[in-house]
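K.L.:
In this note's numbering, the protein residues as written are 18 to 231.
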């Protein structure tokens with residue numbers, strides 16, 4: 018993917034191209050077609066013109082393919098992709114992203130899995146891709162943490178296991194992490210496939226003492 022853009026200076030033209038492509042400076046190659054000129058006393062001024070092409074980096078490839086997936090799904094939004102924590106973070110902003118997120122984020126999870134496979138195949142190397150839409154994942158993580166704490170309180174209060182609803186692996190990881198250091202409960206996953214869920218288990222007196230000592 019490449020664009021030709023003009024600006025009062027080369028730097029301004031490049032900035033406009035980056036905004037249009039939705040990528041960072043390190044993800045592109047810049048060819049100066051015309052450096053432009055300021056002219057004399059405002060006369061004969063000419064804008065700079067550049068050709069900016071996206072490098073085939075994992076982030077750039079993820080951006081291109083996410084745009085195509087959104088077109089296929091009929092979802093409008095602004096896509097940005099950046100390398101983060103050894104993988105690629107893709108974010109989508111827009112007003113009507115429900116179709117992209119799906120019930121409890123199931124569509125978003127499927128899109129993330131598909132995009133990761135597509136990017137890995139394109140760059141010929143495994144790439145971990147995370148996709149977020151409208152800040153859904155951040156809100157979801159916070160809601161899951163609160164759910165985990167409520168389940169722990171219930172397990173301790175009632176002295177029995179609390180079985181949560183089935184959820185995808187990414188959500189289960191949030192629950193396990195949120196309660197990993199809890200002194201009164203432990204967690205484990207049970208079930209297979211889409212029925213796999215987290216169980217919050219109250220510790221025995223011996224378990225609690227061991228957890229406190231550690």
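Quick reminder that beta carbons are idealized off the backbone N, C-alpha and C, glycines included. Source: prediction; values computed, not measured.
Once you ignore the five residues that flank residue 124 on each side, which residues in its own chain have a CB closer than 8 Å to its CB?
P.N.:
116, 117, 118
K.L.:
In terms of alpha-carbon separation, which member of 195, 191, 173 lies closest to residue 218?
P.N.:
173
K.L.:
Measuring CA to CA, which of 55, 71, 63 is closest to residue 20?
P.N.:
It is 71 whose Cα lies nearest to the Cα of residue 20.
K.L.:
Look up residue 219 in the DSSP assignment and give the residues it is bridged to.
P.N.:
202
K.L.:
With DSSP as the reference, identify every bridge partner of residue 179, one or two as the case may be.
P.N.:
According to DSSP, residue pairing for residue 179 in a beta bridge involves 217.
K.L.:
Do residue 80 and residue 98 have their CB atoms nearer than 8 Å?
P.N.:
yes
K.L.:
Are the beta-carbon atoms of residue 27 and residue 76 separated by less than 8 Å?
P.N.:
no
K.L.:
Taking the alpha carbon of residue 164 as the reference point, which residue from 151, 181, 177, 136 has its own alpha carbon closest?
P.N.:
Considering only alpha carbons, the answer is 181.
K.L.:
Using a threshold of 8 Å, state whether the C-beta atoms of residue 38 and residue 69 are closer than that.
P.N.:
yes
K.L.:
Between the beta-carbon of residue 74 and the beta-carbon of residue 44, is there less than 8 Å?
P.N.:
yes
K.L.:
Out of 220, 126, 202, point me to the one whose CA is closest to residue 150's CA.
P.N.:
If you compare the alpha carbons of 220, 126, 202 with that of residue 150, the shortest gap goes to 126.
K.L.:
Using the Cβ count rule (16 or more neighbours within 10 Å means buried), how would you classify residue 156?
P.N.:
Result: exposed.
K.L.:
Going by DSSP, which residues form a beta bridge with residue 36?
P.N.:
Its beta-bridge partners do not exist; DSSP assigns none.
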